Amino acid sequence: MTPAGAKVGGGYLTIENEGKEADRLVSATAEVAGRVEIHEMSVKDGIMTMRMLPDGVEIPADGEARLAPGGFHLMLMDLKQPLKEGESFKGTLTFAKAGTVDVSFKIEGMGGPKGSDAGHDGHSHDHGMPTN
Numbered sequence: 001m002t003p004a005g006a007k008v009g010g011g012y013l014t015i016e017n018e019g020k021e022a023d024r025l026v027s028a029t030a031e032v033a034g035r036v037e038i039h040e041m042s043v044k045d046g047i048m049t050m051r052m053l054p055d056g057v058e059i060p061a062d063g064e065a066r067l068a069p070g071g072f073h074l075m076l077m078d079l080k081q082p083l084k085e086g087e088s089f090k091g092t093l094t095f096a097k098a099g100t101v102d103v104s105f106k107i108e109g110m111g112g113p114k115g116s117d118a119g120h121d122g123h124s125h126d127h128g129m130p131t132n
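Going letter by letter, the sequence shown gives residues 1 to 132 in UniProt numbering.
Set out below in structure tokens:
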């Protein structure tokens, strides 16, 4: 969820790859945002940095990629409306090999439950949309 007037939000999820080959999340969209970027946050020598990952995030074969606070995450940019806890919105995840997968994101407050799993083309997704 976001406060009124916020222009960005964070997206957290776990992507499971049940396939025999690695895949890569290369882009995402969300109906509530003008654009979505894949980012990585890290802390080095006590300094937090965030950077966009133009090549996306790898999901290892028979493994998973966690997009969570303090690491990889989706940045929802140019929000069209405040994100309200308990509501949902549609989006897409685009993978290098699996292609485009339609998903539904559940908006949760910080520290809320993980969300629900939904299987799609050898991937399953755990969606939560707390604020940054």
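Beta carbons: idealized from backbone N, C-alpha and C, even for Gly.
As the structure is a prediction and not an experimental result, all values here were calculated from the model.
Item                                                                                                        : Value
Residue from G46, F95, L76 whose Cα sits closest to the Cα of G9                                            : L76
The region 80 to 99 touching the region 32 to 45, judged by at least three CB pairs closer than 8 Å         : yes
Reference M52, options A28, I15, K80, G63, closest by Cα                                                    : A28
Where the beta strand (DSSP E) containing D78 begins and where it ends                                      : 72 to 79
Beta strand (DSSP E) segment containing I47, residue limits                                                 : 47 to 52
As assigned by DSSP and simplified to three states, the class of E64                                        : strand
Sequence-distant residues of the same chain with beta carbon closer than 7 Å to P60, five excluded per side : N17, A22
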